[in-house]
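2 protein chains.
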Amino acid sequence: MMRRLLSTTLAITTGCLLATGAVAQSDEDQIDYRQAVFTLVGANFGPMGDMAQGEIDYDAEQFARNAARVADLSRMAKEGFEGGPHDGDTDAKPAIWDEWDRFSEGMTHFETAAQELAEATEGGDRELADVQDRFMRVAESCQSCHDNYRDN
Amino acid sequence: MMRRLLSTTLAITTGCLLATGAVAQSDEDQIDYRQAVFTLVGANFGPMGDMAQGEIDYDAEQFARNAARVADLSRMAKEGFEGGPHDGDTDAKPAIWDEWDRFSEGMTHFETAAQELAEATEGGDRELADVQDRFMRVAESCQSCHDNYRDN
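This is the structure we're talking about:
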């Protein structure tokens, strides 16, 4: 009974998942995976940048929430590049795989910086001035990788 | 100096981010956001389903890692539907917004089930039999929402 329920539910659920490109195995799946990660990083990081620049009001709670999400997502970023280069619609430069160790170090730096920012903002009650340095470290890690490893 | 560095770095970084649809504000951005969340949920949940069904070998560490990611991602799922319905290429049914409280409850259920699964698998040393019930609860929460609120 349990086994049949499992099997039926998973068949349906997995069917739904596969329709959106579920299992990160093909080149296209890998590209979809990493682009999804960066779509979410960007959507969470963008408003933090607007706050840091004073373009929108600083909201310590939203800043902290977004920082936590960027930290969670940063742990998924590197795996989307594993096993490449991948054929498809991608701005990832071949240098990523030619210089994998250096690229990998940059990704680890992104993870660490994002984690430190999330910790610094935890509680959602910090002044912007107290978290701005850590925010900048994340922004710089984004930029450094984009400069070296991303087309356009 | 700090302000200028900040401004320059962010201009460049935000420029890169905007190119991939950074700030979840327009209808299209909201759709991109939630589809990115579910791409990543699926890519992490799919292999867990394969393990639960015995289609691939059970790997307790990978199972735990993926469970942690699904839990992290589950917290981002609902916000991609806020402020809708959104115009664009989407399988989200209008019923989501007609029955927002019920939909929202389902999302909270998904978050809770995913969090409980992540906790149950923590450490990466559990037997499949010990986590299968909690896995099924997440699968069922996926399926229930797909049945009610997703086209095709």
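So the sequence lines, in the order shown, correspond to chains H and L.
Under this note's numbering, the first residue of the first sequence is numbered 19, with each subsequent residue one higher.
Under this note's numbering, the first residue of the second sequence is numbered 19, with each subsequent residue one higher.
Note that beta-carbon positions come from the ideal geometry of N, C-alpha and C, so glycine has one too.
Predicted model only: the values in this text are computed from it and were never measured.
- The beta carbon of Ala132 of chain L is closer than 6 Å to those of Val88, Ala89, Ser92, Val156 in its chain, skipping five residues each way along the sequence.
- Where Gly102 of chain H is concerned, there is no enclosing alpha helix (DSSP H), because DSSP gives it neither an H nor an E.
- In the assembly as shown, Arg120 of chain H is an exposed residue. Its beta-carbon has fewer than 16 other beta-carbons within 10 Å.
- Secondary structure of Arg168 of chain L (DSSP, three-state): strand.
- For the segment 58 to 114 of chain H, the continuous alpha helix (DSSP H) assignments of 4+ residues that do not extend past its boundaries occur at 78 to 95, in sequence order.
- Three or more beta-carbon pairs separated by less than 8 Å link the segment 54 to 68 of chain L to the segment 53 to 67 of chain H, which places the two stretches in contact.
- Under the three-state reduction of DSSP, Gly141 of chain H is assigned to coil, being neither helix nor strand.
- Per DSSP, reduced to three states, the secondary structure at Gln53 of chain H is helical.
- Across the structure, Asp143 of chain H and Pro112 of chain H are spaced so that their CA atoms are roughly 42 Å apart.
- DSSP places Glu117 of chain H in the coil class of the three-state scheme, outside both helix and strand.
- The beta carbon of Ala78 of chain L is closer than 7 Å to those of Gly142, Asp143, Arg144 in its chain, skipping five residues each way along the sequence.
- Not a single CB atom of chain L sits nearer than 9 Å to the CB of Gln133 of chain H.
- In the three-state DSSP reduction, Ser44 of chain L falls in the coil class, being neither helix nor strand.
- In this structure, Ile114 of chain L sits away from Gly106 of chain L, with a CB-CB distance that is not shorter than 9 Å.
- Put simply, the backbone Cα of Gln161 of chain L is about 18 Å away from that of Gly98 of chain L.
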